[in-house]
Each structure stands twice: as structure tokens, then as C-alpha cells.
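Single-structure report; data block below.
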Ligand SMILES: Nc1nc2c(ncn2[C@@H]2O[C@H](COP(=O)(O)OP(=O)(O)OP(=O)(O)O)[C@@H](O)[C@H]2O)c(=O)[nH]1
Ligand SMILES: [Mg+2]
């Protein structure tokens, strides 16, 4: 019996679609891994691979890490938190996690910063969670105030535009102040004058994995400048002139650009061309700086000081909403040897809505390889594949 031509066509289309479906499912470059991490340029999320301690020299806990003066193995370092009195409960949550997984073995001091004095309750409750010393520091006015060269009318006008473009927190002056302080001022506080390394800790973050070695000594003994866990795309609307200002700066100061820089990571256009276009040449890829373990010598270097001053004078911390994350990341990507930047893949971490959750028996409370527990579209913000592609996983 002859089959009518439309029916034959329909059958053929069904077979083609079925083949396409099967190909999507079993293709070796499937872009979605079963745990939810979305990788288009890698076969799988490396967090799914068994993760141990980093290579290199590691120093483990001993009696030389006892609290107080007995702690002779500790290097010059602090856990560092900028926090408001109202965030006490969330800060205690972060502290509990970090003390449990790491600091009770090493007893590094905590340094808390605030633009207003800390309450007695804040001091009492935070100190009660650690055997290490806690320091409570007020930020000097000249580090926090809006700089004299910022025009308030222009600021108000600019925030309207930013709000129209849905830039989060654009209307909050304090948010701009916070980003500027985290970019170029925190390490100038007199309380940190003799401190070299810091681990930045925000309220309401989580740490999931037991870490048994001294991470600050890891940085020092293995010649690392900066450590991160998560790498994301930024909102290009918050930084339209950051890259153009950076190019101007580089033209004036070519001597600061490191020969082993990560320029191709900073300027990648392949993965998210729209972001690169809106940010005028910057991929917007950045280390998510609510977590950072770093050597302040880099921020205190002439290269970074010159760069920060250039950016600060241009007004973009207020007329746009430049975050410390892209500012730090661009500076590191240009002025530092990229081999001195380390992915702490073994430190399980969450700041809502993103995770770094390694595959290790030392981790509890997060799902291995899960990048986010938020909406599916958030996977698009993952920029780690670019870092791995251009720099590696070291
Ligand atoms: N003392 C003080 N701390 C602040 C102020 N604004 C922000 N911070 C702190 O700066 C850090 C970053 O601020 P967040 O409000 O968490 O900004 P964010 O991480 O971009 O935003 P979320 O996604 O909402 O967490 C946190 O540690 C805050 O506690 C402020 O005006 N004063
Ligand atoms: Mg936060």
C-alpha cells in the first residue's frame, strides 16, 4: 500500500528529530552535567573529580599554632571582615563554620572593620566563638567618606540611570563606599600595617570542608598572591567605562603590565560576546571577592596604587557601580604573574547563591559539583571555564 507523501515527510521529520534528541543526550560534549554545573567548554565540572590538598609545601596544625604568643608557626595574617552591627547573627554563622573547619587548628586573629563603632554585644558574641584574638577597628572617615571630587548631583543622576538598567544597590551610597573601600583602602588601615595576608569573610557565608593545612603558609611558601574559589561574570551595566579607563591607564603605564599576565582571560569575547560588548572590551569575568585569600603586598605595590588612584579619580566608583571584584580581578589579571593566582578548589564555600563544592570526604553539607541552588539561568554566570582554559586549575 502506498503511503501518502505528507505522511512520509512527517515520518522522516520524526526520525530526524529522534536522532537529534539521542545525539543531544549522549554527545561527548554535553553541556549540562547531571549535578547542575553548566560547562560549555569543558566536559565536566572539575569539582566532580576527587579533590585533595594542593600540591606544594603544606604546614599542618601543631602545638606551635596554640592561641596567643605560643603560636610561633603563624605567619603575619588575619581573618578580615567588614561588617555592620546588625549583621551579628550572620557573622556568627560564618565564624562558626570557619572556626569548625579550619581556624580552631590555627588560631589566626580575626579583624572586624566597621564605619561605626562595634557594639559591646557584637564584641562579646564574636570573641566567644574563637580562642584566637579578635580586633575591632573603626574605619577612619577619610577612608570611608565620599571623596571631595564626586559631584552629588551627578551621582544622583547616575544612580537613576543605573537603576533603570537594574543595577543592584546602585542607589545605596554606602554600597558604593563599601566597594571603594574594599578596592583600594582596607589594606591602608593602621591596624593592618604589620599584616601581610588576609582571608576575607562576609557574614552569612558557609564553609563545608575540613582544611588541615595552614592556608596562609601555603600562600607564602608557594609564592602565591591571590586565592579564589568562584569565578563569575559581572553585570556589564555596572562597569561600562571600567575597561576603557583601564586601557587609558595601561597606555600611560605600560611598565606595570606583567609579561605573564591573564589578558586573554580578561578580554575573552567568545563565551559571552554581549557582555564583552556592553563592558567595552572586558569579558566581565572576575574572582568573586566575597571570598579572597591574598597577599596585601600586591595591593600595596606601586602598580596597584597607581591603578586605584587613576580609577578613583575618574569617579566610576560612584557614577557607575564598580565593584571591588572586577577592580581586583583586572589588576591581578594585568599586573601579576598569573601563575601566582590559585584556585582553592578544596575549600567548600557558599555565598548565596553560588557554591564551590569539591568531591572530598572532608566536605559535609553541600552537593558535590553544584554551582548554585538558585534559578537555572544562574549557570550562565559561571566563568570558571574561561579561567581554566586560559590559565589552568593550579
Ligand atoms: N560596616 C559596614 N559594612 C558594610 C556596609 N555595606 C556593606 N558592608 C559589608 O560589606 C560586605 C559586602 O556587602 P553585601 O551587602 O554583602 O554586598 P554583596 O555581597 O554584594 O550583596 P549580597 O549579595 O546582598 O550579599 C558585607 O560584609 C557587609 O557586611 C556598610 O555600610 N557598613
Ligand atoms: Mg554579601
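Numbering (this note's numbering), first residue to last: 4 to 397. C-beta atoms are modelled at their ideal positions from N, C-alpha and C, and glycine is treated no differently. Only a predicted model underlies this, so the values are computations on that prediction, with no experimental measurement involved.
Close beta carbons around residue i, own chain, < 6 Å, minus the five adjacent residues each side
i           : result
residue 186 : 327, 330
residue 40  : Unreliable positioning characterises residue 40 in this predicted model, as indicated by a pLDDT of 42, which lies under 50. The coordinate reading is nonetheless provided below. The residues are 48, 372, 374.
residue 172 : 178
residue 365 : 212, 213
residue 126 : 139
residue 266 : none
residue 229 : 297, 335, 344
residue 188 : 146
residue 321 : 153, 158, 179
Straight-line Cα distance separating residue j from residue i
i           : j           : result
residue 370 : residue 244 : 38 Å
residue 165 : residue 254 : 28 Å
residue 351 : residue 56  : 12 Å
residue 250 : residue 130 : 45 Å
residue 91  : residue 99  : 12 Å
residue 61  : residue 153 : 47 Å
residue 128 : residue 380 : 38 Å
residue 190 : residue 227 : 18 Å
residue 256 : residue 264 : 15 Å
residue 282 : residue 294 : 24 Å
residue 218 : residue 361 : 17 Å
residue 248 : residue 316 : 11 Å
residue 207 : residue 18  : 52 Å
residue 94  : residue 86  : 8 Å
residue 394 : residue 340 : 11 Å
residue 384 : residue 391 : 15 Å
residue 224 : residue 59  : 8 Å
residue 246 : residue 124 : 43 Å
residue 150 : residue 258 : 28 Å
residue 216 : residue 65  : 10 Å
residue 144 : residue 157 : 22 Å
residue 337 : residue 168 : 29 Å
residue 155 : residue 182 : 18 Å
residue 84  : residue 368 : 23 Å
residue 221 : residue 210 : 18 Å
residue 104 : residue 192 : 28 Å
residue 260 : residue 342 : 15 Å
residue 299 : residue 202 : 10 Å
residue 141 : residue 71  : 23 Å
residue 382 : residue 323 : 25 Å
Whole-number beta carbon distance between residue j and residue i, since they are thought to touch under 8 Å
i           : j           : result
residue 400 : residue 80  : Residue 400 lies beyond the residue range present for the chain, which begins at 4 and ends at 397; the question has no answer from this structure.
residue 102 : residue 133 : 5 Å
residue 82  : residue 176 : The pair is not a contact, with the Cβ atoms about 27 Å apart (cut-off 8 Å).
residue 307 : residue 301 : 6 Å
residue 179 : residue 252 : Their Cβ separation, rounded to whole angstroms, is 20 Å, which puts residue 179 and residue 252 out of contact at 8 Å.
residue 114 : residue 194 : 6 Å
residue 77  : residue 68  : 6 Å
residue 363 : residue 212 : 6 Å
residue 242 : residue 325 : 6 Å
residue 74  : residue 110 : 6 Å
residue 238 : residue 170 : 6 Å
Same chain only: Cβ atoms within 8 Å of residue i, ignoring 5 sequence neighbours per side
i           : result
residue 396 : 49, 346, 348
residue 286 : 236, 268, 269, 270, 271, 272, 274, 275, 278, 279, 386, 389
residue 291 : 231, 232, 233, 234, 235, 328, 354, 357
residue 284 : 246, 247, 250, 270
Proximal residues to residue i (C-beta, below 7 Å), its chain only, five neighbours per side dropped
i           : result
residue 136 : 112
residue 121 : 88, 115, 139
residue 174 : 162, 166
residue 147 : 118, 180, 184
residue 377 : 356
residue 303 : 190
residue 97  : 204, 205, 206, 207, 208
residue 52  : 362
Note down, one range per segment and in chain order, each alpha helix (DSSP H) of at least 4 residues found wholly within the region 104-144. 123-130
Which runs of the alpha helix (DSSP H) spanning at least 4 residues fall entirely within the region 331-397, listed in chain order? 387-393
For a minimum of 3 consecutive residues, which ranges assigned as the beta strand (DSSP E) are wholly contained in the region 202-256? 229-231, 234-236
Could you tell me which uninterrupted beta strand (DSSP E) segments, each at least 3 residues in length, are contained entirely in the region 264-334, listed from first to last along the chain? 288-290, 295-298
Entirely within the region 60-112 and at least 3 residues each: give me those beta strand (DSSP E) ranges in chain order. 80-85
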